[in-house]
Amino acid sequence: MSYSIEKITQFINAERYGDTTAKISFLLTDSRSLCFPEETLFFALRSDRNNGHHYIPELYRRGVRNFVVESVPKDFSTLYSHANFLQVSNTLTALQRLTTCHRKEFNIPIVGITGSNGKTMVKEWLSQLLSFDMNVTRSPKSYNSQIGVPLSVWLLNENSQIGLIEAGISKVGEMQALHDIIQPTIGVLTSLGAAHQENFSSLEEKCNEKLLLFKGTQALVYLLDDNVAAKCIQESHYDGKLLAWSENDTTAAFFINRIEKNDTTSTVVYTWQNKIHGSFTLPFIDEASVSNCITCAVLALYLDILPEVLEQRMATLEPVAMRLEVKEGQHGCTLINDSYNSDINSLDIALDFMNRRPDQKRRERTLILSDIYQSGETEQQLYADVAALIKKRGVKKFIGIGTALGRQQDSFEGLEKKFFFDNISDFIGSKVFKSLHDEVILLKGARSFSFDKLTELLVKKVHETVLEVNLNAVVDNLNWYRSFLKPETKLICMIKADAYGAGAVEIAKTLEDHRVDYLAVAVADEGVILRRNGITSNIMIMNPEMSSFKTLFDYELEPEVYSFRLLDALIKAAEKEGITGYPVHIKLDTGMHRLGFNPRNDIDKLIEKLHHQHALIPRSVFSHFVGSDSNDFDSFSAEQFTLFDEGSKKLQTAFGHHILRHIDNSAGIEHFPERQMDMCRLGLGLYGINPRTNAIMNNVSTLKTTILQLRNVPAGETVGYSRRGAIDKDSVIAAIPIGYADGLNRKLGNHNCYCLVNGKRAYYIGNICMDVALIDVTGIDCEEGDSVEIFGDNLPVTVLSDALETIPYEVLTVISNRVKRVYFQD
């Protein structure tokens with residue numbers, strides 16, 4: 001759907017500057033995601049750390065002609081003579097108001113989904129269940145925020161027959177705006193939990209805020225056995241139809257008589273509305289999936305899907321891979337796997353992600369796409385839209401899988417390279433498949449096309465042991481620490497030691513995408529790797545070597561300077577290269593006694609030296625708290641801060657430009673927010689470990705392997721080198737392909753620690769070998785090929801560090817490079 005610029009001006013009650021005629025089909029809030037400039041309306045949103053108004057000149061150069069702003073640019077009639085500026089008091093409010101008006105154009109069922117956990121899973125499974133009968137429009141991935149919800153609602157179009165919209169909140173006062181945009185006719189409350197609890201005084205307060213979404217809805221699906229939800233709903237005097245489900249209360253609309261589980265499935269036997277008896281079998285056994293499936297079943301029955309039809313469809317529900325995977329592929333390729341669903345909206349998001357990945361090698365962008373089902377458009381129009389989209393997103397090679405794409409080849413006429421196959425098998429057997437090399441490949445296909453076979457062949461086979469890195473968790477941790485900072489406080493993120501083992505390049509790309517101010521690594525070679533992979537952010541080198549000066553200059557890497565010897569050598573090297581005004585970062589020693597200038601004895605000499613040269617210019621001055629992670633050192637921390645404040649101010653006042661000051665590290669950001677100064681340094685906290693409590697926040701890294709072999713070993717035998725693994729009872733011993741060459745410390749062996757096999761503890765037995773470890777799986781239901789978690793979401797890395805009497809840093813940073821990294825993003 002599209003609107004005239006005149007209509008939009010009325011919708012958002014704006015004052016219009018410019019009189020250019022325009023038709024608006026696309027909304028843009030992030031300048032990096034621009035695709036169709038001619039039909040795009042850009043909302044210049046302000047945040048604590050960014051201002052969309054700064055991107056207007058760039059967007060105008062790229063063809064955007066319509067802007068919603070809070071202040072019109074000076075000389076707009078001269079500089080932007082072909083543009084429309086719609087001036088409003090608040091651009092976010094205007095975005096929400098526009099999509100609120102858009103929502104009123106549709107008299108269709110709109111399902112509003114909220115809760116702490118399971119929102120996206122419920123939305124995707126509902127889509128799978130309902131798309132047989134109707135054209136479903138749903139929120140892309142996890143677009144459930146104050147910005148994501150309006151963008152989701154904007155996707156409603158003339159073909160939409162039902163909408164599934166997520167709504168997420170993080171504090172009191174947010175839900176009312178989302179309710180007004182979504183205007184749901186049916187409500188779904190998924191499970192309540194601790195997510196974002198820090199901004200609510202109680203679980204009840206959070207539940208009541210979420211229930212605001214359901215005001216005016218005709219029906220509400222929820223779990224009656226959740227005491228908090230049931231109590232809050234009762235007290236809210238909800239006046240719609242209550243579609244409660246329960247395992248305990250026979251009066252519930254959907255009563256579960258029993259749930260029968262075997263190794264791979266769960267069968268739910270139920271009574272609906274006290275009169276219809278039915279059952280369905282799910283291809284899941286974990287509690288969360290079963291609970292979310294039941295929620296979906298209740299809504300499906302309410303929407304008049306017959307029990308026998310529901311039974312058929314529930315059996316076909318497919319796992320929801322809600323995260324996008326980035327993997328190293330064969331023959332120099334990078335794979336972006338987003339093949340859990342296939343629709344044009346999610347395709348656009350995936351293409352945008354591929355486009356925004358820096359790639360210094362400038363490799364060809366390739367899309368492998370399957371037929372798209374249940375779009376609501378004619379086949380010809382759908383693939384014409386797809387073709388236009390991928391051309392705009394810079395795809396150079398297109399590979400279509402499916403008969404529908406084959407029929408619509410003419411739609412892709414303008415593409416440089418295009419190939420079409422009826423099915424995956426035909427493609428795998430083709431010369432086109434064998435010719436894939438040095439490309440960035442996006443895989444986007446419906447599950448029925450078995451793209452998993454393709455992924456298995458394309459991914460680089462390195463090791464059965466992998467380190468899974470959750471990029472969303474990195475962002476969540478980043479934002480959590482940012483919440484302690486003033487809007488003007490800058491942030492430097494530590495990605496030394498290969499981003500604490502997580503992989504510096506991918507972490508840097510994610511941080512750069514979220515506009516951190518600085519990245520920091522230990523040595524110049526680490527910085528070079530980032531530059532060669534397209535990272536353009538400012539990069540600080542914490543431990544510059546005398547031999548690395550030329551490298552620093554060539555790759556624009558900013559060194560820490562901690563001694564007069566280093567300073568003199570760096571000045572000499574820069575002068576030799578004819579360099580002036582090269583930024584450096586001055587380190588002061590306030591008590592660590594590791595590296596740094598003395599804040600009292602060295603400052604005058606340091607200032608004098610810096611004034612008598614032009615090669616270098618101090619960009620920042622910093623120090624490091626010795627014990628900000630513990631209250632026991634608060635008095636010493638105060639002494640450190642006083643010393644740093646005195647020395648850094650003296651340095652700062654000696655120069656005409658502003659020198660950034662920073663001393664807070666991860667623990668300091670939380671413990672000493674009043675000492676954040678101009679900039680803070682975020683290290684271990686970025687990777688999900690709170691240095692003050694040693695608790696896991698949002699886990700980033702999960703180290704996994706698989707069972708290679710199972711062996712029955714009788715009592716009295718031994719396993720492993722030096723016969724250290726004594727067996728005192730008949731046991732089942734599993735061999736797993738991970739050893740000390742992969743970073744699994746030998747001290748964990750001999751029952752000193754454990755891993756998880758199917759959720760159960762399996763202790764290491766005997767000595768850990770270079771490439772293999774042995775674990776005791778006696779009494780654990782497992783088989784060869786099953787996954788083993790070394791540390792991660794279910795087994796905190798701190799369990800291993802505690803067993804080793806060390807710190808989590810050590811466990812994370814010793815993971816070998818031969819362990820393949822797999823990256824996920826929602």
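Numbering-wise (full-length UniProt numbering), the sequence shown opens with residue 1 and increments by one. Don't be surprised by glycine CBs; every beta carbon is placed ideally from N, CA and C.
Less than 8 Å between the C-beta atoms of Asn745 and Asn767, yes or no?
In the sequence shown, residue 745 corresponds to position 745, counting from 1. In the sequence shown, residue 767 corresponds to position 767, counting from 1. With a cutoff of 8 Å on beta-carbon distance, Asn745 and Asn767 are scored as not near each other.
Using DSSP bridges, identify the partner residues of Met679.
The residue you call residue 679 lines up with position 679 of the sequence shown. Its beta-bridge partners are Lys490.
Which residues does DSSP list as the beta-bridge partners of Gln825?
Stepping through the sequence shown from its first residue, residue 825 is reached at position 825. The partner list for Gln825 (beta bridge, DSSP) reads Leu324.
Once the 5 residues before and after Tyr80 are set aside, which same chain residues still bring their CB inside 6 Å of it?
On the sequence shown, residue 80 is found 80 positions in, with the first residue counted as 1. Counting only Cβ-Cβ distances below 6 Å, and skipping sequence neighbours, we find Tyr60.
Are there three or more Cβ pairs, one per stretch, closer than 8 Å when the region 404 to 418 is compared with the region 373 to 390?
At 8 Å Cβ cutoff, the stretches touch.
Tell whether a beta-carbon distance below 8 Å holds between Glu325 and Val822.
In the sequence shown, the residue the question calls residue 325 occupies position 325. In the sequence shown, the residue the question calls residue 822 occupies position 822. Cβ distance < 8 Å, so Glu325 and Val822 count as in contact.
Within its chain, find whatever has a CB closer than 7 Å to the CB of His671; leave out the 5 residues flanking it on each side and keep chain order.
Taking the first residue of the sequence shown as position 1, residue 671 is located at position 671. Shown here for His671: same chain residues with a beta carbon closer than 7 Å to its own, the five before and five after excluded, namely Ser628 and Arg692 in chain order.
With DSSP as the reference, identify every bridge partner of Tyr518, one or two as the case may be.
On the sequence shown, position 518 is the one that residue 518 refers to. Paired residues: Ile492 and Asn538.
Nearest to Asn472 by alpha carbon, out of His437, Asp513, Leu41 and Ser191?
Along the sequence shown, one-based indexing puts residue 472 at 472. Closest option to Asn472, Cα to Cα, is Asp513.
Use the C-beta contact count for Ser448: other C-beta atoms within 10 angstroms, 16 or more gives buried, fewer gives exposed.
Locating residue 448 in the sequence shown gives position 448, where the first residue counts as 1. So Ser448 counts as exposed.
Compare the C-alpha of Pro737 against each of Lys820, Pro673, Leu812 and Ala726 and name the closest.
Within the sequence shown, residue 737 is the residue found at index 737, counting from 1. The residue from Lys820, Pro673, Leu812 and Ala726 with its alpha-carbon nearest to that of Pro737 is Lys820.
Taking the continuous alpha helix (DSSP H) assigned at Met480, which residues delimit it?
For this step, residue 480 is matched to residue 480 along the sequence shown. Note that residue 480 is Trp in the sequence shown, not Met. Its alpha helix (DSSP H) spans residues Leu471 to Arg482.
Quick check: the Cα distance between Thr489 and Asn665, rounded to an integer number of angstroms?
Here residue 489 refers to the residue found at position 489 of the sequence shown. Here residue 665 refers to the residue found at position 665 of the sequence shown. Distance between the alpha carbons of Thr489 and Asn665: 13 Å.
Using 8 Å as the Cβ pair cut-off and three pairs as the minimum, do the region 811 to 818 and the region 755 to 771 touch?
no
Compute the Euclidean distance between the alpha carbons of Leu220 and Tyr143, then round it to the nearest angstrom.
Stepping through the sequence shown from its first residue, residue 220 is reached at position 220. Stepping through the sequence shown from its first residue, residue 143 is reached at position 143. Approximately 21 Å between the Cα atoms of the pair.
Among all the DSSP beta bridges, which residues are the ones paired with His277?
The residue you call residue 277 lines up with position 277 of the sequence shown. Looking at the DSSP assignment, His277 forms a beta bridge with Thr271.
Using three-state DSSP, classify Gly148 as helix, strand or coil.
Reading the sequence shown from its first residue, position 148 is the one you call residue 148. Of the three classes helix, strand and coil, the one that applies to Gly148 here is helix, per DSSP.
Below 8 Å on the Cβ atoms is my guess for Ile344 versus Leu443; work out the distance and round it to an integer in Å.
Residue numbering aside, residue 344 sits at position 344 when the sequence shown is read from its first letter. Residue numbering aside, residue 443 sits at position 443 when the sequence shown is read from its first letter. Not quite, the Cβ-Cβ distance comes to about 16 Å (not below 8 Å), so this is no contact.
Would you kindly check if the distance between the Cβ of Ile186 and the Cβ of Val111 is under 8 Å?
Reading the sequence shown from its first residue, position 111 is the one you call residue 111. Reading the sequence shown from its first residue, position 186 is the one you call residue 186. Their beta carbons are under 8 Å apart, which means Val111 touches Ile186 by this criterion.
Does any heavy atom of the ligand ZN sit closer than 7 Å to the C-beta of Arg692?
The ligand ZN is not part of this structure, which contains no ligands at all.
For Phe625, count the other beta carbons within 10 Å of its own beta carbon; 16 or more makes it buried, fewer makes it exposed. Which is it?
Position 625 of the sequence shown holds residue 625. Under this definition Phe625 is a buried residue.
Between Ala230 and the rest of its own chain, which residues show a CB-CB distance below 7 Å, the 5 nearest in sequence each way excluded?
The count along the sequence shown starts at 1 and reaches residue 230 at position 230. Within the same chain, Ala230 has close Cβ partners Leu224.
Please report the straight-line C-alpha distance between Glu810 and Ala638, rounded to a whole angstrom.
Counting from one through the sequence shown, the residue named residue 810 turns up at place 810. Counting from one through the sequence shown, the residue named residue 638 turns up at place 638. Glu810 and Ala638: Cα-Cα distance of roughly 28 Å.
Under 8 Å by Cβ, that's how I've got Gly534 and Asp438 pegged, so tell me the actual separation to the nearest angstrom.
The residue labelled residue 534 in the question sits at position 534 within the sequence shown. The residue labelled residue 438 in the question sits at position 438 within the sequence shown. At roughly 15 Å, the Cβ-Cβ gap does not stay under 8 Å, so Gly534 and Asp438 are not in contact.
Going by CA-CA distance only, name the one from Lys74, Val149 and Leu211 that's closest to Leu92.
Translated into the one-based positions of the sequence shown, residue 92 becomes position 92. Nearest of Lys74, Val149 and Leu211 to Leu92, Cα basis: Val149.
In angstroms, rounded to a whole number, what distance separates the CA positions of Ile305 and Asn470?
Numbered from 1 along the sequence shown, position 305 holds the residue referred to as residue 305. Numbered from 1 along the sequence shown, position 470 holds the residue referred to as residue 470. One C-alpha to the other measures close to 37 Å.
Between which two residues does the beta strand (DSSP E) holding Thr21 run?
By 1-based counting over the sequence shown, the position of residue 21 is 21. Here Thr21 belongs to no beta strand (DSSP E), and DSSP marks it neither H nor E.
Could you give the distance in angstroms between the alpha-carbon of Ala499 and the alpha-carbon of Phe254?
The residue you call residue 499 lines up with position 499 of the sequence shown. The residue you call residue 254 lines up with position 254 of the sequence shown. Between the alpha carbons of Ala499 and Phe254 lies a gap of roughly 49 Å.
Going by beta-carbon coordinates alone, are Ala556 and Met540 separated by less than 8 Å?
Start at 1 with the first residue of the sequence shown, and residue 556 comes out as number 556. Start at 1 with the first residue of the sequence shown, and residue 540 comes out as number 540. Looking at the sequence shown, residue 556 is not Ala but Glu. With contacts defined as CB atoms closer than 8 Å, Glu556 and Met540 fail to qualify as a contacting pair.
For residue 847 and Glu311, I'd like the C-alpha separation in whole angstroms.
Any answer about residue 847 is impossible in this case: the structure gives the chain only from 1 up to 826.
Sorted by chain position, which residues of the same chain lie with C-beta nearer than 6 Å to Arg711's C-beta, five sequence neighbours on each side aside?
Counting from one through the sequence shown, the residue named residue 711 turns up at place 711. Same-chain partners within the cutoff: Ile733.
Buried or exposed for Arg65, going by 16 or more other Cβ atoms inside 10 Å?
Here residue 65 refers to the residue found at position 65 of the sequence shown. So Arg65 counts as buried.
Is the beta carbon of Thr295 less than 8 Å from the beta carbon of Val188?
In the sequence shown, residue 295 corresponds to position 295, counting from 1. In the sequence shown, residue 188 corresponds to position 188, counting from 1. Going by C-beta atoms, Thr295 is nearer than 8 Å to Val188.
Keeping to the same chain, check which residues put their C-beta closer than 6 Å to that of Arg724; ignore five residues upstream and five downstream.
As a first step, residue 724 is located in the sequence shown; it is residue number 724 there, counting from the start. Excluding residues within five positions, the ones whose Cβ falls inside 6 Å are Asn750, Gly766 and Asn767.
Who does His662 pair with in a DSSP beta bridge?
Here residue 662 corresponds to residue number 662 of the sequence shown, with the count starting at 1. In DSSP, His662 forms a bridge with Phe622.
Per DSSP, what kind of secondary structure is Phe421 in: helix, strand or coil?
Start at 1 with the first residue of the sequence shown, and residue 421 comes out as number 421. It is a strand residue.
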